Amino acid sequence: MEALINQFTFLSNESLYDKNFDPSTIEDLMKLFEVEAYKSWAGLELEHQIAEKEAETSLHEAEDYLDSVMESAMDEFRRFEEEMDRMAEDELKSLVSKAERARKMGNLMEKSASLASKKYVEAAMNAAGNSMKLAWKGMKSNKVYPNL
1068 MEALINQFTF LSNESLYDKN FDPSTIEDLM KLFEVEAYKS WAGLELEHQI
1118 AEKEAETSLH EAEDYLDSVM ESAMDEFRRF EEEMDRMAED ELKSLVSKAE
1168 RARKMGNLME KSASLASKKY VEAAMNAAGN SMKLAWKGMK SNKVYPNL
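FYI, in my numbering the residues of the sequence shown are 1068 to 1215.
Below you can see the structure in the form of structure tokens.
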């Protein structure tokens, strides 16, 4: 472009001093300016397209990375959730097992208390019966047994 400007300056000066100067020479030079401007514009357009493609590629890479990170986080969350579900299920089973053992223990204690109470009543009835028999014998024999 500088060479064209230098050429234009030269031709401008020549046109001022040379009476036989052909103006078509400047027109040809102006066409070269136009061609150079189009080349420059095309170069900038190509640079813009390349930058756009690079930006799109970078954006896709960033999206892929984000998708990868999000998928990893979701996988970790799913594993955590599964572990928590498993732990909760194990805890529930443990509590149900303990409750069942406590229920069985309560039933066993109820049966034991009931049996002990029956034995106590039976022993009391036997003691009362024996006392009555002794008292009855004592009344028949006219003997008195103190503290019986």
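Idealized CB from N, CA, C, for every residue including glycine.
The structure presented is a predicted model; accordingly, all values stated were derived computationally and were not measured.
So, does the region 1075-1085 touch the region 1101-1112, judging by three or more C-beta pairs under 8 Å? no
Nearest-angstrom Cβ-Cβ length linking L1096 and L1071, presumed shorter than 8 Å: 7 Å
Please list, in chain order, all residues of the same chain as M1151 whose beta carbon is under 6 Å from its beta carbon, the five residues on each side excluded. none
Taking the C-alpha atoms as reference points, what is the distance between K1165 and S1125? 59 Å
Consult DSSP for F1088 and reduce its assignment to one of helix, strand or coil. coil
Taking DSSP as the reference, what is the three-state secondary structure of M1068? coil
Excluding the 5 residues preceding and the 5 following E1148 in the sequence, name in chain order all residues of the same chain whose CB lies nearer than 8 Å to its CB. none
Determine the direct distance from the alpha carbon of G1205 to that of E1177, and round the result to whole angstroms. 41 Å
CB of S1107 within 9 Å of CB of M1068, strictly: yes
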